[in-house]
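Enquirer: Residues 55 to 261, numbered by the working numbering, are exactly what the sequence shown covers, in order.
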Amino acid sequence: MKLKFILDKQYDREKTKLFLGKKDLVYFDSHYDDFVTYLNYSKTEYQKSWNQINDAFSKYIETVTGYKWFASKYECVVSLTIQGMSNWYDPKVVRGWKEHPLVQRRITAHELIIHHYFEIYRHSYSDNTLSDDQIWALAEIAAWALTSLTEESRTFWPWDRSGYYYTHNYPELVELQKKLKNPFLKRKNFDQYIEKGIRFIQESYES
């Protein structure tokens, strides 16, 4: 898998309109062209940083999950307004432009893993008929695990000491996230971890 950082004003605007507020859209329309120089700078520096880990990270995810990437080429839109976003279908993620090129790696990886989880579920687990919100929750939690709970993951961002953190924007996921930590650490394989996550979230929903 190869990741290419790009600018895509139309895509960026569409996602800003869809996921953020009117105020953000007004800001986008008023300032995007003024910030193109900085967006391009971030795009270039993000790419340089990511290239240092791309091949090792790509192989790591395939090895740990047991699934090859579902596309050979992915794109990351460097955004004026959105800090991080994955995509249900297209191999395209979004990252904010203001981060240090090294620091951006982990969340960029996080968004790629979410998309990878969506594809795994769609190809191998869709008979479980989870809701979109439930699939997303499991994908988020898997991304936290895969970016912190293995020794190899920490080689990609060794300065990051936050680990399998619970202080994030989704407090509604913390209980399930905690519940799935040991199943990840003690998994025989990634499919076993997925299956336990599906069972846990179904039980939680039923209760």
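By construction, the Cβ of each residue, glycine as well, lies at the ideal position given by its N, Cα and C atoms.
Quick caveat: nothing in here was measured; it's all calculated off a predicted structure.
Any idea what DSSP makes of L57, helix, strand or coil?
Expert: Working through the sequence shown from its first residue, we reach residue 57 at position 3. If DSSP states are grouped into helix, strand and coil, L57 belongs with the strands.
Enquirer: Where does the unbroken beta strand (DSSP E) through V148 begin, and where does it stop?
Expert: Along the sequence shown, read from residue 1 onward, the residue named residue 148 stands at position 94. Counting along the chain, the beta strand (DSSP E) containing V148 begins and ends at K146 to G150.
Enquirer: If L200 sits next to I115, beta carbons under 8 angstroms apart, how far is it from one beta carbon to the other, in whole angstroms?
Expert: The sequence position of residue 200 within the sequence shown is 146, counting from 1. The sequence position of residue 115 within the sequence shown is 61, counting from 1. Indeed, because the Cβ distance is near 7 angstroms, the residues count as touching under 8 angstroms.
Enquirer: Helix, strand or coil for S185? Go by DSSP, reduced to three states.
Expert: Translated into the one-based positions of the sequence shown, residue 185 becomes position 131. Three-state result, S185: coil.
Enquirer: By the 10 Å Cβ neighbour count, where 16 or more other Cβ atoms means buried, how is E257 classified, buried or exposed?
Expert: Counting from one through the sequence shown, the residue named residue 257 turns up at place 203. Result: exposed.
Enquirer: What residue range is occupied by the uninterrupted beta strand (DSSP E) comprising K127?
Expert: Indexing the sequence shown from 1 puts residue 127 at position 73. Residues K127 to S133.
Enquirer: Please return the same chain residues whose Cβ sits closer than 6 angstroms to the Cβ of Y100, not counting the five positions on each side in sequence.
Expert: For this step, residue 100 is matched to residue 46 along the sequence shown. If we look at Y100 and ignore the five residues flanking it on each side, its Cβ neighbours are F59, P155 and Q158.
Enquirer: Below 8 angstroms on the Cβ atoms is my guess for I167 versus A197; work out the distance and round it to an integer in Å.
Expert: The residue given as residue 167 occupies position 113 in the sequence shown. The residue given as residue 197 occupies position 143 in the sequence shown. Yes, I167 and A197 are in contact; Cβ-Cβ is about 4 angstroms, under 8 angstroms.
Enquirer: Taking DSSP as the reference, what is the three-state secondary structure of G251?
Expert: Looking up residue 251 in the sequence shown gives position 197. Note: G251 maps to helix in three-state DSSP.
Enquirer: Which residues in the same chain have their Cβ closer than 6 angstroms to the Cβ of I161, if we skip the five residues on either side of it in sequence?
Expert: Here the question's residue 161 lines up with position 107 in the sequence shown. Taken in chain order, the residues that qualify are G138.
Enquirer: Determine the direct distance from the alpha carbon of D88 to that of K233, and round the result to whole angstroms.
Expert: Residue 233 sits at position 179 when you count from the first residue of the sequence shown. Residue 88 sits at position 34 when you count from the first residue of the sequence shown. The alpha-carbon atoms of K233 and D88 are separated by roughly 46 angstroms.
Enquirer: With distances taken from CA atoms, which of Y247, T209 and D214 is nearest Q106?
Expert: On the sequence shown, residue 106 is found 52 positions in, with the first residue counted as 1. Of the listed residues, the one whose Cα sits closest to Q106 is T209.
Enquirer: Please list, in chain order, all residues of the same chain as K77 whose beta carbon is under 8 angstroms from its beta carbon, the five residues on each side excluded.
Expert: Counting from one through the sequence shown, the residue named residue 77 turns up at place 23. Contacts found: none.
Enquirer: Apart from the five residues on each side of it in sequence, which residues of its chain come closer than 7 angstroms, Cβ to Cβ, to Y224?
Expert: Here residue 224 corresponds to residue number 170 of the sequence shown, with the count starting at 1. So the list reads E194, once near-sequence residues are dropped.
Enquirer: Taking C-beta to C-beta, are L134 and D66 nearer than 8 angstroms?
Expert: Along the sequence shown, one-based indexing puts residue 134 at 80. Along the sequence shown, one-based indexing puts residue 66 at 12. Yes, these two residues count as a Cβ contact at 8 angstroms.
Enquirer: Quickly, what does DSSP pair G138 with across the bridge? List them, please.
Expert: Position 84 of the sequence shown holds residue 138. Note: G138 sits in a beta bridge opposite R149.
Enquirer: Nearest-angstrom Cα distance between L203 and G150?
Expert: Against the sequence shown, residue 203 aligns to sequence position 149. Against the sequence shown, residue 150 aligns to sequence position 96. Straight-line Cα distance between these residues: approximately 25 angstroms.
Enquirer: Could you give the residue range of the alpha helix (DSSP H) that holds E206?
Expert: For this step, residue 206 is matched to residue 152 along the sequence shown. Where E206 is concerned, the enclosing alpha helix (DSSP H) stretches over E205 to F210.
Enquirer: When you compare the CB positions of Y218 and K235, do they come within less than 8 angstroms of one another, or not?
Expert: Translated into the one-based positions of the sequence shown, residue 218 becomes position 164. Translated into the one-based positions of the sequence shown, residue 235 becomes position 181. Cβ atoms of Y218 and K235: closer than 8 angstroms.
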